[in-house]
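Chains as they are written, first to last, in the working numbering: chain A, 1 to 166; chain B, 1001 to 1140. Data first, discussion second: the structure below is written as C-alpha cells.
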C-alpha cells in the first residue's frame, strides 16, 4: 500500500492577504503528517500529527487562532476515528486546551465513551495530565477583529465565514 | 476548521478534524466536528472523510457518512465527495468541503465554498490548492 495523507485548512472565504499563509500552512501540515507515515507509523499517528500542526498555526480556525463565540471566548470541538476498529473519540465546547485533537484521541483510547463535553472534557484533560493554557493565549488579533466586526446588528456570521450561496 | 485523512502502509485508515466552530456562535453551540458521521468518519472497508463548512448543514445530511455510503456503493472518492456536497447544497443550502481517501489510497479534496486550502502527500509528490480547480504539484 502506498501511504497517503490529505489535509484541509477549512472551507470558506479566505481574504487575499491570507491565501499564501493558508496554503503554506496546509503544505507544512501535510509534510509533517506524511513524514509520520514514511516512518512506518500508523494513519492515526499521522492525522493527529497533521491536525496538531494545523491547530498550532494561527492561520486556521482551530486551536490557536480559533474564532470566538459571542462572548469573545474560545470553545473548540475535535474528533478522531480509527477505520480498523471503528473506535472514535471526540471533545466538544472544550476550553483552555492547546490541542483538542490530542484530547479527542485520549477519549478514544482511555475511556469507553465517544464524546466528552465542556467542563467534563476539561476535567478529563486534567486527569490525563494534559496542560491547561490561558484562554487568551489561544486568541489572535485577527480573531478578535472578526468577532468585533460580527457583533454588528446586521452582521451575518455564517455568510462572513462561508460566503454567499452561488 | 482543519482536518486530515490518511491511509498507512498496512492499509489502515484514519481521520481527524478540529475546529474553533462558527464565528460568533452562541455559547455552548456544538457543530458537526464532534459528531461521528458528520465531522468525520473512517472505515477500512470504505474510506475516510474529514469535512469543513457550515456545521448545521453538515449535520443535517451527516456528510462524512453520506460520502462513505456512496463510496461503499462503488463511487470514487471524487465522485462521492461531489455528490455528498451537492446533496448538502441542494437539500439544506449548505456550503463546505471535504478531504477523502479510499482503501486503495485514492484521494480527493473537493469543495463548494469559494475556497478551501488543502494539500495531499503521496509517493514523492505534494499536491495543493486553494481555489476551485487548482492542483499545484511539487516534490516532497
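We put the CB at the ideal spot given by N, CA and C, even for glycine.
Within its chain, find whatever has a CB closer than 6 Å to the CB of residue i; leave out the 5 residues flanking it on each side and keep chain order.
i, result
"residue 1075(B)", "none"
"residue 1021(B)", "1031"
"residue 132(A)", "96"
"residue 57(A)", "25"
"residue 1084(B)", "1063, 1066, 1067"
Answer with yes or no whether the minimum CB distance from residue i to chain B is below 8 Å.
i, result
"residue 30(A)", "yes"
"residue 34(A)", "yes"
"residue 5(A)", "yes"
"residue 26(A)", "yes"
"residue 97(A)", "no"
"residue 55(A)", "yes"
"residue 162(A)", "yes"
"residue 47(A)", "yes"
"residue 13(A)", "yes"
"residue 168(A)", "The question about residue 168(A) has no answer here: the residues shown for chain A are numbered 1 through 166."
"residue 131(A)", "no"
Apart from the five residues on each side of it in sequence, which residues of its chain come closer than 7 Å, Cβ to Cβ, to residue i?
i, result
"residue 74(A)", "66, 68, 95, 135, 138, 139"
"residue 1125(B)", "1137, 1139, 1140"
"residue 1035(B)", "1059"
"residue 113(A)", "107"
"residue 29(A)", "7, 50, 53, 54"
"residue 160(A)", "150"
"residue 1038(B)", "1032, 1058, 1059, 1062, 1063, 1064"
"residue 21(A)", "59"
Can you list the residues of chain A that residue i reaches, using a CB-CB cut of under 7 Å?
i, result
"residue 1033(B)", "77, 78, 79"
"residue 1078(B)", "Per Cβ cutoff of 7 Å: no residues; residue 1078(B) is ~12 Å from chain A at best."
Would you kindly work out how many angstroms separate the C-alpha atoms of residue i and residue j, rounded to a whole number?
i, j, result
"residue 1138(B)", "residue 163(A)", "30 Å"
"residue 10(A)", "residue 127(A)", "31 Å"
"residue 1016(B)", "residue 101(A)", "7 Å"
"residue 34(A)", "residue 43(A)", "9 Å"
"residue 86(A)", "residue 1096(B)", "25 Å"
"residue 1081(B)", "residue 1046(B)", "13 Å"
"residue 152(A)", "residue 1130(B)", "29 Å"
"residue 71(A)", "residue 1056(B)", "20 Å"
"residue 17(A)", "residue 111(A)", "43 Å"
"residue 1132(B)", "residue 1052(B)", "15 Å"
"residue 130(A)", "residue 124(A)", "9 Å"
"residue 1043(B)", "residue 1091(B)", "26 Å"
"residue 14(A)", "residue 1104(B)", "32 Å"
"residue 155(A)", "residue 1025(B)", "12 Å"
Can a CB atom of chain A be found closer than 8 Å to the CB of residue i?
i, result
"residue 1088(B)", "no"
"residue 1022(B)", "yes"
"residue 1072(B)", "no"
"residue 1075(B)", "no"
"residue 1095(B)", "yes"
"residue 1082(B)", "no"
State yes or no: is the beta carbon of residue i nearer than 8 Å to at least one beta carbon in chain C?
i, result
"residue 1092(B)", "Absent from the structure is chain C; the protein chains it does hold are A and B."
Please return the same chain residues whose Cβ sits closer than 8 Å to the Cβ of residue i, not counting the five positions on each side in sequence.
i, result
"residue 167(A)", "The displayed coordinates of chain A run from 1 to 166. Any statement about residue 167(A) would go beyond what the structure contains."
"residue 1107(B)", "1005, 1077, 1099, 1100, 1101, 1120, 1122"
"residue 1079(B)", "1070"
Would you mind telling me which residues of chain B sit closer than 9 Å to residue i, beta carbon to beta carbon, in chain order?
i, result
"residue 136(A)", "Within 9 Å Cβ-Cβ: nothing; residue 136(A) doesn't reach chain B, min ~14 Å."
Run through chain B and tell me which residues come within less than 7 Å of residue i, C-beta to C-beta.
i, result
"residue 113(A)", "The premise fails here: residue 113(A) is roughly 12 Å from chain B at the closest Cβ pair, so nothing lies under 7 Å."
"residue 84(A)", "1012, 1044"
"residue 91(A)", "1034"
"residue 60(A)", "1002"
State yes or no: is the C-beta of residue i nearer than 7 Å to some heavy atom of the ligand SAM?
i, result
"residue 1013(B)", "The ligand SAM is absent from the structure shown, which contains no ligands of any kind."
Quiz prompt | Within 7 Å of chain A by C-beta, residues of the segment 1050-1070 of chain B in sequence order | solution = Within the segment 1050-1070 of chain B, the qualifying residues are 1050, 1052, 1053, 1054.
Quiz prompt | Residues, ordered as in the chain, of the segment 1115-1139 of chain B that lie near chain A by beta-carbon distance below 7 Å | solution = The segment 1115-1139 of chain B vs chain A, Cβ under 7 Å: 1115, 1116, 1117, 1118, 1119, 1120, 1121, 1122, 1123, 1126, 1128, 1130.
Self-check item: chain A contacts made by the segment 1035-1051 of chain B, where a contact means CB separation under 7 Å
Solution: Contact residues of the segment 1035-1051 of chain B toward chain A are 1036, 1039, 1040, 1041, 1042, 1043, 1044, 1048, 1050 (C-beta to C-beta distance below 7 Å).
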